[in-house]
Amino acid sequence: MKLLEWANLKVVDSLKGKSLLTLFDFSKKEVSDLIHLAVSLKKLTKAGKCPPLLEGKTLGMIFEKHSTRTRISFEVGMKQLGGNGMFMHARDLQIGRGESVYDTGNVLSGYLDGIMIRANSHEMVKELAEHASIPVINGLTDIFHPCQALADILTIHEVKGYTAGLKIAYIGDGNNVAHSLVIAAAYIGMHIAVATPVGYEADEEIIQKAKTIALENGGSLFVSNDPVEAAINADVIYTDVWTSMGQEAEAEKRLADFKEFQINDALVANAKSNYMFLHCLPAHREEEVATSVIDGPNSYIFQQAENRLHAQKALLASVMA
Ligand code: CP
Ligand code: NVA
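One gets our numbering by counting positions in the sequence shown from 1 and adding 26 to each.
If you want it as structure tokens, here you go:
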């Protein structure tokens with residue numbers, strides 16, 4: 027408590043002990059409070075004064091898939107908060123040779139204060155959270171990528187100064203990143219347009235739930251198969267890779283199916299002149315995005331990547347404090 031007062035910080039108390047599997051788990055207020063906490067933590071960190079809110083705590087970080095940003099930002103974030111992040115590749119754990127999720131969740135709960143997991147299957151992460159008595163944070167599954175969306179909203183807030191009422195166009199694959207982005211943007215009351223090729227639409231149930239949330243918050247959500255329609259008048263243009271991890275066998279077909287969905291100069295000409303370009307990274311230049319756009323003056327990809335660190339610190343400090 028003293029530490030918090032000293033730093034003039036308020037962690038999001040209602041999140042203490044909670045897992046984050048999808049942003050549907052959190053309320054609109056909790057998401058917005060996390061963004062504000064992230065802004066404060068970023069300022070303090072830049073001033074070399076990040077408070078050690080998680081002193082003595084350990085976050086176990088389990089990975090079934092590759093990662094640069096998630097792994098490093100969680101590990102550095104824990105260190106900056108005075109704690110410890112421990113990397114574990116799933117194939118090195120007994121779970122990689124068949125130990126049950128039930129046993130793993132129970133055992134790890136005796137050693138750790140939180141688990142961050144990047145997994146192939148969202149169902150497995152749900153099962154882990156059910157059996158762990160410590161918070162479980164989804165660091166990407168086949169369906170969701172909630173930590174990415176927190177960093178995305180933080181970045182829009184920083185660049186534009188506000189978020190409610192802005193138009194965000196997600197153009198590309200209706201994947202894990204798209205799902206989490208629409209939920210976060212709906213909570214904030216943004217106008218969301220999602221354009222995907224036919225057959226690559228986002229999950230209908232997630233879209234319907236996010237649409238209800240967006241409408242409740244003065245925003246809107248529409249989906250189409252037309253990238254131009256989505257890009258018109260957009261304040262933010264967002265894309266992700268066409269082939270996600272685990273889909274490599276489909277890469278060639280996807281290249282053909284997505285070719286009208288590249289974010290290039292002609293497409294962004296439909297957006298507002300001060301639009302921002304975002305991409306969760308890693309990116310494939312000249313596939314989902316033209317080099318002129320991703321490396322152009324409207325691109326905020328590196329600020330967005332850095333913000334993973336600050337947004338996740340807000341999350342860690344709230345659920346693990
Ligand atoms: N955006 C993201 O999650 O990046 P990594 O795959 O490098 O963690
Ligand atoms: N949709 C991508 C995001 C990577 C951060 C994937 O799942 O591979």
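For glycine and all other residues, C-beta sits at the position ideal for the given N, C-alpha and C.
With respect to the C-alpha of Gly187, the residue from Lys36, His62, Ser344 having the closest C-alpha is His62. Rounded to whole angstroms, the Cβ separation of Ala292 and Cys173 is 33 angstroms, and the two are not in contact under 8 angstroms.
In the displayed model, Asn202 falls within a helix according to three-state DSSP. With a cut-off of 7 angstroms, the C-beta of Ser66 is classified as distant from the ligand NVA, since no heavy atom of the ligand falls inside that distance. The straight-line gap separating the alpha-carbon atoms of Asp139 and Leu41 is approximately 14 angstroms. A distance below 8 angstroms between beta-carbons, with the five flanking residues on each side excluded, links Glu184 to the following residues of its chain, in chain order: Val65, Gln329, Asn333. Scanning its chain for C-beta atoms nearer than 6 angstroms, with the 5 sequence neighbours on each side dropped, one finds around Arg280 the residues Trp268, Thr269, in chain order. Residue burial annotation: His217 is buried, with at least 16 other C-beta atoms found within 10 angstroms of its C-beta. Looking at the DSSP output, Asn259 bridges to nothing.
The DSSP-derived three-state label of Thr94 is coil. Between the alpha carbons of Asn300 and Asp261 lies a gap of roughly 7 angstroms. Only buried fits Gln288, as 16 or more other CB atoms lie within 10 angstroms of its CB.
Per DSSP, the continuous beta strand (DSSP E) segment holding Leu85 begins and ends at 84-89.
If you ignore the 5 residues before and after Asn243, its C-beta comes within less than 8 angstroms of the C-beta of Lys54, Ala190, Ala212, Tyr213, Ile214, Gly215, all in its own chain and listed in chain order. Here the distance from the Cβ of Asn201 to the nearest heavy atom of the ligand NVA is below 7 angstroms. In the structure shown, Val65 adopts helical secondary structure according to DSSP, grouped into three states. In the three-state reduction of the DSSP assignment, Met302 falls in the strand class, which pools E and B.
Fewer than three Cβ pairs drawn from the region 73-86 and the region 200-207 lie within less than 8 angstroms of each other, which leaves the two stretches out of contact. With respect to the 8 angstroms criterion, Val254 and Val220 are not classified as neighbours on the basis of their beta carbons.
For Lys237, the closest C-alpha among the options Asn251, Ala343, Ala210, Arg117 is that of Ala210. When DSSP reads this structure, Arg144 sits in a beta bridge with Phe89.
Pro78 is the residue among Gly165, Pro78, Val208, Ile169 whose C-alpha sits nearest the C-alpha of Leu107. Approximately 6 angstroms separates the beta-carbon atoms of Leu49 and Val57; this is inside 8 angstroms, confirming the contact. Remark: the shortest separation between the CB of Ser58 and any heavy atom of the ligand NVA does not fall under 7 angstroms. Note on His171: 16 or more other CB atoms within 10 angstroms of its CB, so buried under the neighbour-count rule.
Counting the other Cβ atoms within 10 Å of the Cβ of Gly165 gives 16 or more, which makes it buried. Looking at the backbone, the Cα of Glu274 and that of Gly245 are separated by about 35 angstroms.
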